[in-house]
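**Student:** Handing you this structure, nothing more for now.
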Amino acid sequence: MRVYVHRFSFVAIYLVLYFFGASISATAPSPKVVSLNVCTDQFLMLLADDSQIISLSEISTDILSSAMAAEASKYRQNNSGAEEIYLLQPDIVFAGIYTAKATVNMLESLNIRVEKFEPASTVDQIILNMQRTGELLGHTDRAKLLITNFESRLAELTSGIKNKPRAALYYANGYTTGKNTLAGQILDLAGFSNIASEVDIHWGGTLPLELLIMSKPDVVITGTTYPGSSRSEEILKHPALKPLQLVSSTDANWVCGTPHILKAIEDLQTIHPDKMSIK
Amino acid sequence: MTLLTLNNLSVRRGQCPVVDDVSLKINRHELVGLVGPNGAGKTTLLKAALGLIEHTGNSSLAKLSLKERSLTAAWMPQEREINWPISVLETIKLGQLSPSLKLDKDKIINDALDRTGLTNYRERISTELSGGEQARVLLARALAQNTPLILADEPIAGLDPATQLTTMKMFGDLAKEGKGVLISLHDLNLAATFCTKIIMLDKGQLHAVGNPAKIMTDENLEKVFNIRAYHARTDKGIICQPIEVLSHSS
Amino acid sequence: MKLKVILIILLTALFIFSLSTGHAVASFSQSMTALYLGDGPLGTVMREIRLPRAMLAILVGASLGVSGAAMQGYLRNPLAEPGLIGVSGSAALGAVIALHTGFATYVWMGLPIASFSFATIAVLVLLLLAGPRGSSLTLILAGIAVSALAGAFTSLALNLSPNPYATSEIVFWLMGSLADRSFEHFWLALPFCLIGCLMIGSTGKALDALTLGEDVASSLSISLTNTKLLLVFGVASSVGAATAVCGAIGFVGLVVPHLLRPLVKGKPSTLLFVSGLGGAVMVLAADIAVRVILPDRDLKLGVLMAIIGAPLFLHLIYKTRSALQ
Chain Z
23 MRVYVHRFSF VAIYLVLYFF GASISATAPS PKVVSLNVCT DQFLMLLADD
73 SQIISLSEIS TDILSSAMAA EASKYRQNNS GAEEIYLLQP DIVFAGIYTA
123 KATVNMLESL NIRVEKFEPA STVDQIILNM QRTGELLGHT DRAKLLITNF
173 ESRLAELTSG IKNKPRAALY YANGYTTGKN TLAGQILDLA GFSNIASEVD
223 IHWGGTLPLE LLIMSKPDVV ITGTTYPGSS RSEEILKHPA LKPLQLVSST
273 DANWVCGTPH ILKAIEDLQT IHPDKMSIK
Chain W
724 MTLLTLNNLS VRRGQCPVVD DVSLKINRHE LVGLVGPNGA GKTTLLKAAL
774 GLIEHTGNSS LAKLSLKERS LTAAWMPQER EINWPISVLE TIKLGQLSPS
824 LKLDKDKIIN DALDRTGLTN YRERISTELS GGEQARVLLA RALAQNTPLI
874 LADEPIAGLD PATQLTTMKM FGDLAKEGKG VLISLHDLNL AATFCTKIIM
924 LDKGQLHAVG NPAKIMTDEN LEKVFNIRAY HARTDKGIIC QPIEVLSHSS
Chain S
281 MKLKVILIIL LTALFIFSLS TGHAVASFSQ SMTALYLGDG PLGTVMREIR
331 LPRAMLAILV GASLGVSGAA MQGYLRNPLA EPGLIGVSGS AALGAVIALH
381 TGFATYVWMG LPIASFSFAT IAVLVLLLLA GPRGSSLTLI LAGIAVSALA
431 GAFTSLALNL SPNPYATSEI VFWLMGSLAD RSFEHFWLAL PFCLIGCLMI
481 GSTGKALDAL TLGEDVASSL SISLTNTKLL LVFGVASSVG AATAVCGAIG
531 FVGLVVPHLL RPLVKGKPST LLFVSGLGGA VMVLAADIAV RVILPDRDLK
581 LGVLMAIIGA PLFLHLIYKT RSALQ
């Protein structure tokens, strides 16, 4: 009888410790994170300790998509496959809401916590994403500091704009983006008026070359083209665009809703009549 | 006057001599009938003489340039091809593709239409005509080429008796007017009646050359064709009608 | 000849219609004035966007029409057509390789040279496999083989490109489009198309003579070798250049000669010229249609051509099926 009691209490203590331990790790102060999305990659690099970053997405080192490609090279890359990620045993996985559903579902069914981030297309959303990242990582103070700096610099950049030149964003295949997109917001914050609104394009859409020419924008903003040639990008070299001022500006800084959009705005403002002399 | 000379003309297919060392002359005012069993090499001989296929030996026609040849000889092959639905007039006009500049093109073409009885067929579509009519159209085309020499491979094969007789008579008239006409044919009656000269070909070799009476003997017919024929002479022509295949193979 | 006059009038009318079709909202007289004066954004639109597009449509259409008539005349086969039998596809392959290896950028006229070369190879292969003595069946089969091979390699080349947009370009290359082409493209294609059409045009007499077969043609002083060379290089040059700037546009060379042949009483040499006019008319009309039917989407020309041409092709096969046996 004494033996049974002894064994029972041993088992009971073991079970209690197990669940206690499990609940502790669930709210561990320094969770280890794997990121599957180029934007969440950058949130991590901005706010996490080095030791918290297990792995970033493959695109994190692509200069054309990631604003922190250089910094990303010192971290491990993953190919966003569920198997690989599971074996890395992360505490949290950061993903975008559009990250491959199959992968995300698989990870969740394997009891891995996945935090899904919406791509930010307004300043408020950027701030929200930063705050949330800070909370998840246990670095709310860092996040607060980052946001404060961001807001003050943004206020500097958006002040003193009297006139808004008319600009068009033009990408491969004649694609343009309107005010409800991140690029559209950057344009707006930099002090330009987006002609996409004039043709009722508020999100993304094709702007026929003829309409672009007819709308007589003060400046046409394009981005760096990919290596190799493609017909989709040929339209950016069309002779009809010659009389217009063409500026290559959209780059990795425009892709994600992070404080790096400040660099994008600064770059654009080098051709803004009210702001260029300030440099 | 000699229009065509062949000297030691040979055509080999692999090791087989399809035409073996043939020498002959075609002169003006001659309607020459080229006869021989199937596979004797009649078509090959004609094509080699024109220079359309590889050969050894000499052909006065094959040596000419394309242009000179088109002004010297007209060729009517066995395959009566008309690939597109062109009008009769257009078909015949093809004879004047390489025009003889000195003469009146229209007159030549009208003559050709007249001779072949196709004057009312000008605007008809060639490919919509009957086999016999098409043969006449192609003959008119050859006439329109207005050459001293005409070579034809089985020009009367598959035509009805009236058309056959008319065509042979026309060849005869052309010969009388001064042309040299060399045709291959299987109908020994017509050959005997209309041709001024017969060339009998046997296994690629020249078996006999001469006028019909001299050439179309029982001996030759037996040796070359393995047949016996009924011979007769009427005021309209010579009859040389095959009536029996002989028992022993040749 | 009445037919030629009608076609020229039709061509002119469609040309003007094409110039007044587009996204920019402007009245007919405004457009034409802008075209003439060339000032302002409408002037830019007219001179740099609409005018080259219309001229290119004529150039490409004429090249394809003439080439189709020529191939049919030479092969004595109403089913022969550069798009169908893989010549356009091979030209597209040459163009893709030239563009993605930089050959088009670093060598003057590199683009049309490359598509011309590949088109030549295709024509030679086809003549080898299914030349004048080949039947319709052999021709179609050879065409399928060449088309499939060219298409597969084009897809491969595009997939290997470092550019992420390249893969989706296969649609442009296989279906063809005149959208957003500029005068650069026109001048690039013009010399090759012009020379090609002239070379083909010089074979008119030969094609007429070939109506009666090769031997008779030869006896009528036609040099078969010269004819073959002129045709091979002529077709490769005009189809090659047209495809290099607009992608492979099929069925023009099939439909146009077929429709016009009865109107010229079958004569191959006349058909060459009117097929050029007819091809230009057809491509212009189709290009106007794709802009009017679905203005917001870049509907590929090839789609419209296939809708018109494929049923006709099936009809032709049905009609000539006895010859296929």
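Residue numbers (this note's numbering), protein chains in the order written: chain Z, 23 to 301; chain W, 724 to 973; chain S, 281 to 605. For glycine and all other residues, C-beta sits at the position ideal for the given N, C-alpha and C.
1) Go to glycine 163 (chain Z), then tell me how far its alpha helix (DSSP H) extends in each direction, as first and last residue.
2) Can you name the residues of chain W whose CB is closer than 7 Å to the CB of glycine 546 (chain S)?
3) Since leucine 322 (chain S) and alanine 334 (chain S) should fall inside the 8 Å C-beta cutoff, what is the C-beta to C-beta distance between them, to a whole number of angstroms?
4) Using the beta-carbon of each residue, which ones in chain Z are nearer than 9 Å to aspartate 567 (chain S)?
5) My guess is that glycine 345 (chain S) and glycine 520 (chain S) are in contact by the Cβ rule of under 8 Å, so how many angstroms apart are they, rounded?
6) Go ahead and pull the three-state DSSP assignment for aspartate 210 (chain Z).
7) Using DSSP with H/G/I as helix, E/B as strand and the rest coil, what is leucine 872 (chain W)?
8) Using a beta-carbon distance below 8 Å, is arginine 188 (chain Z) in contact with chain S?
9) What separation, rounded to the nearest whole angstrom, lies between the Cα atoms of leucine 478 (chain S) and serine 517 (chain S)?
10) Suppose you measure from the CA of asparagine 869 (chain W) to the CA of valine 734 (chain W); what does that come to, to the nearest Å?
11) Have a look at S:Thr505, S:Pro548, S:Ser555 and S:Ala469 and flag the residue whose alpha-carbon is nearest the alpha-carbon of proline 808 (chain W).
12) Taking methionine 128 (chain Z) as the reference, give the member of Z:Ile257, Z:Tyr120 and Z:Ile107 with the closest Cα.
13) Would you grab the beta carbon distance between alanine 230 (chain Z) and histidine 303 (chain S) for me? Rounded to a whole angstrom, and I think it's under 8 Å.
14) Is there a C-beta anywhere in chain S that falls below 8 Å from the one on histidine 224 (chain Z)?
15) From what residue to what residue does the alpha helix (DSSP H) around arginine 253 (chain Z) run?
16) Can you name the start and end residues of the beta strand (DSSP E) that proline 965 (chain W) belongs to?
17) If you reduce the DSSP assignment to three classes, tell me which class glutamate 157 (chain Z) lands in.
18) Whose C-beta lies closer than 7 Å to the C-beta of aspartate 488 (chain S) among residues of the same chain, with five residues either side of it excluded?
19) Within the present structure, is the beta-carbon of lysine 508 (chain S) separated from the nearest heavy atom of the ligand ADP by less than 7 Å?
20) Identify the contact partners of alanine 218 (chain Z) in chain S, using a Cβ-Cβ distance below 7 Å as the criterion.
21) Could you check what DSSP says for serine 482 (chain S) in three-state terms: helix, strand or coil?
22) If you measure beta-carbon to beta-carbon, which residues of the segment 819-836 of chain W are closer than 8 Å to chain S?
23) If contacts are defined as beta-carbon pairs under 8 Å, then alanine 608 (chain S) and glycine 341 (chain S) qualify, I think. What distance do you get, rounded to the angstrom?
24) What residues from chain W crowd round leucine 500 (chain S), counting only those whose CB sits closer than 7 Å?
25) Please tell me whether isoleucine 46 (chain Z) has its Cβ less than 8 Å away from any Cβ of chain S.
26) For tyrosine 192 (chain Z), which residues in chain S fall below 8 Å Cβ to Cβ?
27) If we ignore side chains and look at the alpha-carbon of each, how far apart do phenylalanine 553 (chain S) and tyrosine 316 (chain S) end up?
28) Could you tell me whether any Cβ in chain S is nearer than 8 Å to the Cβ of alanine 262 (chain Z)?
29) Report the rounded CA-to-CA distance for leucine 504 (chain S) versus methionine 351 (chain S), giving the unit in angstroms.
30) Taking any Cβ of chain W, which residues in the segment 473-501 of chain S have a Cβ under 8 Å from it, in chain order?
31) Examine chain Z for any beta-carbon lying closer than 8 Å to the beta-carbon of histidine 595 (chain S), and answer yes or no.
32) Report all residues from its chain with a CB closer than 8 Å to the CB of asparagine 439 (chain S); omit the five preceding and five following residues, and keep chain order.
33) Does the structure place the segment 587-599 of chain S close enough to the segment 237-256 of chain Z that three or more beta carbon pairs sit under 8 Å?
34) Could you please tell me which residues of the segment 316-334 of chain S, in chain order, have their CB closer than 7 Å to any CB of chain Z?
35) So, arginine 98 (chain Z) versus isoleucine 119 (chain Z), is the Cβ gap smaller than 8 Å?
36) Are the beta-carbon atoms of serine 462 (chain S) and proline 187 (chain Z) separated by less than 8 Å?
**Tutor:** Here's the rundown:
1) First, the amino acid is wrong: residue 163 (chain Z) is aspartate here, not glycine. The continuous alpha helix (DSSP H) containing aspartate 163 (chain Z) extends over residues 162-180.
2) The answer, in chain order, is Trp807, Pro808 and Ile809.
3) No, leucine 322 (chain S) and alanine 334 (chain S) are not in contact; Cβ-Cβ is about 16 Å, not under 8 Å.
4) Ordered by position in chain Z, no residue passes the 9 Å Cβ test against aspartate 567 (chain S), which lies about 14 Å from the chain.
5) 16 Å between Cβ atoms; not a contact.
6) In the structure shown, aspartate 210 (chain Z) sits in a helix (DSSP, three-state: H, G or I).
7) Leucine 872 (chain W): strand per DSSP, three-state reduction.
8) Under the Cβ distance rule, arginine 188 (chain Z) does not count among the residues neighbouring chain S, no pair being separated by less than 8 Å.
9) Answer to the nearest angstrom: the Cα atoms are 10 Å apart.
10) Going from the Cα of asparagine 869 (chain W) to the Cα of valine 734 (chain W) covers about 29 Å.
11) Per the Cα distances, S:Pro548.
12) Nearest C-alpha to methionine 128 (chain Z): Z:Ile107.
13) At residue 230 (chain Z) the sequence reads proline, which differs from the alanine that was named. That pair is a contact at about 4 Å.
14) The Cβ of histidine 224 (chain Z) sits no closer than 8 Å to any Cβ of chain S.
15) Start and end: 253-256.
16) Its beta strand (DSSP E) spans residues 961-968.
17) If DSSP states are grouped into helix, strand and coil, glutamate 157 (chain Z) belongs with the helices.
18) If we look at aspartate 488 (chain S) and ignore the five residues flanking it on each side, its Cβ neighbours are Lys547, Pro548 and Ser549.
19) For the ligand ADP, the structure offers nothing, since it holds no ligand at all.
20) Those within 7 Å of alanine 218 (chain Z) in chain S number zero; the least Cβ separation is about 15 Å.
21) When secondary structure is reduced to three states using DSSP, serine 482 (chain S) falls in the coil class, being assigned neither helix nor strand.
22) Hits within the stretch, in order: Leu820 and Ser821.
23) This structure cannot speak to residue 608 (chain S), because chain S is shown only from 281 to 605.
24) Residues of chain W whose Cβ lies closer than 7 Å to the Cβ of leucine 500 (chain S) are, in chain order, Ser793, Leu817, Leu820 and Ser821.
25) The pLDDT assigned to isoleucine 46 (chain Z) is 49, lower than 50, so where the model puts this residue is not dependable, and the model offers no usable value.
26) Near tyrosine 192 (chain Z) there are no residues of chain S at all, since even the closest Cβ is about 12 Å away, more than 8 Å.
27) Taking the straight line from one Cα to the other gives about 30 Å.
28) At least one CB atom of chain S sits nearer than 8 Å to the CB of alanine 262 (chain Z).
29) Each residue's Cα considered, the two are about 14 Å apart.
30) For the segment 473-501 of chain S, the beta-carbon criterion of a distance under 8 Å to any beta-carbon of chain W is satisfied by Lys485, Asp488, Ala489, Leu490, Thr491, Leu492, Gly493, Asp495, Val496, Ser498, Ser499, Leu500 and Ser501.
31) In terms of beta-carbon proximity, histidine 595 (chain S) stays away from the interface with chain Z, with every pair separated by 8 Å or more.
32) Apart from the 5 residues on each side of it in sequence, asparagine 439 (chain S) sits with its Cβ closer than 8 Å to the Cβ of Ala446 and Thr447 in its chain, given in chain order.
33) No, they do not touch.
34) Answer in chain order: Pro321, Leu322, Thr324, Val325, Glu328 and Ile329.
35) No. Outside cutoff.
36) Taking 8 Å as the cut-off, the Cβ atoms of serine 462 (chain S) and proline 187 (chain Z) do not count as close.
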